[in-house]
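S.K.: If you count by my numbering, then the sequence shown holds residues 4 to 281, one letter each, in order.
Here's a structure for you.
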Amino acid sequence: MAPAQDPEKDKVSLDGVSETALLTLNARAQEARRPEPLIVDPTAIALADSIDYDFAKFGPPRQDIALRARLFDTQTASYLAARPTATVAALAEGLQTSFWRLDDALPDAQFRWLTVDLPEVVDVRARLLPTSPRVSVCAQSALDYSWMDSVDPAGGVFITAEGLLMYLQPEQSMGLITQCAKRFPGGAMMFDLPPTWVSRVSRRGTRTSRRYKGPPLPFSLSIAQVADLVHNVPGVRAVHDLRLPPGRGRAFNAAVSMIYRARVFRALRPCLTLLEFG
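Right under this line is the structure:
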């Protein structure tokens, strides 16, 4: 039985890939509520609390989602430290709250932010998230490359594709990477991908609980294939293979350490990748 609706909360209805924005929001908010959180995200807590939605249907929240967000923050902040007036283009941003975390973390923040996502997601963000004069929005697919015309590259460009590329077809993902490298020399792009074996077994979706089955994940790359992007994609001058930050619990951290340390386990770990454009 679905829980009763709360009249003081906002009813949100998303489906398909867009619904995964609610899954990742819930994971970050649940983590941020802990006494010793892996990520500090008061905006995510407030956003989740404002939404009338059955978050429990997703099953137990995964700490790696919060750790992924923290790693994206770390790399974005590093880029902005050297280029404080750069633009961050957040592709398929969903209900991420990265702008506010970085705005709080960086003293005298001057960076600009471009949210790119489908109209139904942008509508939720506009209703429920704070505003800032430094944030602009393109209500469209990241595959509609006209969003690039909204980016001023003068101060630098950092592109995030957090939880995006795995849901696209291979030619779409590679086309997006290629076009970003072409349009933004001197910029950078960060993305994540599941292990290739996960992509293979999730052709019909991935079940996280009895009540929720996520969309298929048609695209992934092996660690070696990601490294080859420097040779195969014009404009990519460096590829950095990043590591998930330490999490909570000995078993979790031991497993993560093992898959990163031993080459035999490389196929078991996700890709967390930073590209530098020449």
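Built from N, CA and C at the ideal position, the CB exists for glycine as well.
If you follow the beta strand (DSSP E) that Ala35 is in, where does it begin and where does it stop?
M.R.: Element bounds for Ala35: not the beta strand (DSSP E) but the alpha helix (DSSP H), 23-35.
S.K.: Report, in whole angstroms, the separation of the C-beta atoms of Met69 and Arg31, which I expect to be a contact under 8 Å.
M.R.: Inspection of the sequence shows that residue 69 is occupied by Ala rather than by Met. About 5 Å; that satisfies the 8 Å criterion.
S.K.: Excluding the five sequence neighbours on either side, which residues of its own chain have a C-beta within less than 8 Å of the C-beta of Phe280, listed in chain order?
M.R.: So the qualifying residues of the chain are Cys183, Ala184, Phe187, Pro188, Gly189, Gly190, Ala191, Met192, Gly238, Val239, Arg240.
S.K.: Would DSSP call Asp147 helix, strand or coil?
M.R.: coil
S.K.: Cutting at 7 Å between CB atoms, please list the residues of its own chain near Pro87, excluding the five before and the five after it.
M.R.: If we look at Pro87 and ignore the five residues flanking it on each side, its Cβ neighbours are Gln113, Phe114.
S.K.: Between which two residues does the beta strand (DSSP E) containing Ile162 stretch?
M.R.: Counting along the chain, the beta strand (DSSP E) containing Ile162 begins and ends at 160-164.
S.K.: Nearest by alpha-carbon distance to Ala142: which of Arg128, Thr134, Pro136 is it?
M.R.: Arg128
S.K.: Might you give, ordered along the chain, the residues of its own chain that have their beta carbon closer than 6 Å to the beta carbon of Val233, omitting 5 neighbours on each side?
M.R.: Val239, Val242
S.K.: Taking three-plus beta-carbon pairs below 8 Å as touching, is the stretch 41-59 in contact with the stretch 99-108?
M.R.: Under the 8 Å Cβ criterion, the stretch 41-59 counts as touching the stretch 99-108, having at least three qualifying pairs.
S.K.: Tell me the DSSP secondary structure of Leu171 in three-state form.
M.R.: coil
S.K.: Expressed to the nearest angstrom, what Euclidean distance is found between the alpha-carbon atoms of Ser212 and Asp126?
M.R.: 28 Å
S.K.: Checking 8 Å against the spacing of the C-beta atoms, do Leu41 and Gln78 come in under that value?
M.R.: No; because the gap between Cβ atoms is not below 8 Å, this pair is not in contact.
S.K.: Which value, in whole angstroms, describes the spacing of the CA atoms of Arg71 and Leu171?
M.R.: 19 Å
S.K.: Alpha carbon to alpha carbon, how far is Pro63 from Ala157?
M.R.: 43 Å
S.K.: Among residues of its own chain, excluding the 5 on either side of Ser225, which ones have a beta-carbon nearer than 6 Å to its beta-carbon?
M.R.: In its chain, beyond the 5 residues on either side, Thr199 have a beta carbon closer than 6 Å to the beta carbon of Ser225.
S.K.: Helix, strand or coil for Met4, going by three-state DSSP, please let me know.
M.R.: Interpretation of Met4 is limited by its pLDDT of 47, a score under 50 that renders its predicted location unreliable; the figure taken from the coordinates is listed afterwards. Three-state result, Met4: coil.
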